[in-house]
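One structure is given below, encoded as structure tokens.
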Amino acid sequence: MRIGIDFDGTLASWGDAMAAYLDERHGLPLAADRHVQDQLPEDIFVPMVRELMASEWTLAMPPLPGALDAMRLLSAEHELYVVTARHRHEAEWAARWVDHHGLWVQEVVHTDRAPKSAACRRLGLSVLLDDNLPVLAEICGTATVPAHLRPPPEAIPWMPTLDDIPAAIRPIEHWPHFGELCRELCGCERCGAEAAG
């Protein structure tokens, strides 16, 4: 099975990177109860995003809990692709992060901020795990199953509730849960059972 994994906020912790950057560069805290764009002026937000995506800041992003173990288990049985909306020069940093953590993926695919649906079709992905609901909404009804990695409600209280999410999008609570979905989709005992254990 071919599996697509988003990078920022799904594999690597974008929120932790933003918080560290804002603290180090500006001495500013990052509140979890509001969207980051509502907290920062554009003259801080835009340069922060550019620097986080195209520098050593990417390499410093911690993996999300359970991500590395689940990726290693899944890669033993499936073809994994990191599918990121980053531009090419930014995706090169994501590829370095993947290598740094010893993960095996077929390719790090960048979409240059374009919709990911074309990449899903081209790669023949069975499932795409992403933290961005609009990205997943655009692949509803295609051959790719959209899976939404949801943070805990207390971490991001402004996140839409499950009632607000299209039924075609599979809610994923944590990385081991994604392993279970992969087992369900392919019938493979190993990928889901080991990721859940």
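Under our numbering, the first residue of the sequence shown is numbered 5, with each subsequent residue one higher. For glycine and all other residues, C-beta sits at the position ideal for the given N, C-alpha and C. Bear in mind the structure is a predicted one, so any value in this text is a computation, not a measurement.
CB residue i to CB residue j, shorter than 9 Å?
| i | j | result |
| --- | --- | --- |
| Phe-9 | Val-86 | Before going further, note that residue 9 is Ile rather than Phe in the sequence given. Yes, they are a contact pair. |
| Phe-182 | Val-112 | no |
| Ile-173 | Leu-137 | yes |
| Thr-14 | Asp-134 | yes |
| Pro-155 | His-105 | no |
| Leu-44 | Leu-32 | yes |
| Arg-125 | Thr-148 | yes |
| Leu-63 | Trp-101 | yes |
| Met-5 | Glu-81 | yes |
| Asp-27 | Leu-34 | yes |
Who does residue i pair with in a DSSP beta bridge?
| i | result |
| --- | --- |
| Gly-8 | Tyr-85 and Leu-132 |
| Val-149 | Val-131 |
| Glu-111 | Tyr-85 |
| Ile-176 | Leu-153 |
What number of angstroms, rounded off, separates the C-alpha of residue i from the C-alpha of residue j?
| i | j | result |
| --- | --- | --- |
| Val-185 | Arg-90 | The sequence given here places Leu at residue 185; Val does not occur at that position. Their backbone Cα atoms lie some 26 Å apart in a straight line. |
| Ala-122 | Ile-7 | 15 Å |
| His-152 | His-30 | 32 Å |
| Glu-46 | Asp-73 | 37 Å |
| Leu-84 | Arg-54 | 26 Å |
| Leu-132 | Ala-24 | 28 Å |
| Trp-162 | Leu-189 | Unreliable positioning characterises Trp-162 in this predicted model, as indicated by a pLDDT of 49, which lies under 50. The coordinate reading is nonetheless provided below. Cα-Cα distance, rounded: 30 Å. |
| Ser-17 | Arg-76 | 18 Å |
| Met-22 | Ala-99 | 19 Å |
| Asp-103 | Glu-96 | 11 Å |
Can you tell me which of the three DSSP states residue i falls into?
| i | result |
| --- | --- |
| Gly-196 | Residue confidence for Gly-196 is low, a pLDDT of 44 falling below 50, so the modelled location carries little weight and cannot support an answer. |
| Pro-45 | coil |
| Ala-123 | helix |
| Ala-71 | helix |
| Arg-92 | helix |
| Leu-189 | helix |
| Ala-16 | strand |
| Leu-63 | helix |
| Arg-100 | helix |
| His-105 | coil |
Is the shortest distance between the beta-carbon of residue i and the beta-carbons of chain C less than 9 Å?
| i | result |
| --- | --- |
| Gly-8 | No chain C is part of this structure, which consists of one protein chain only. |
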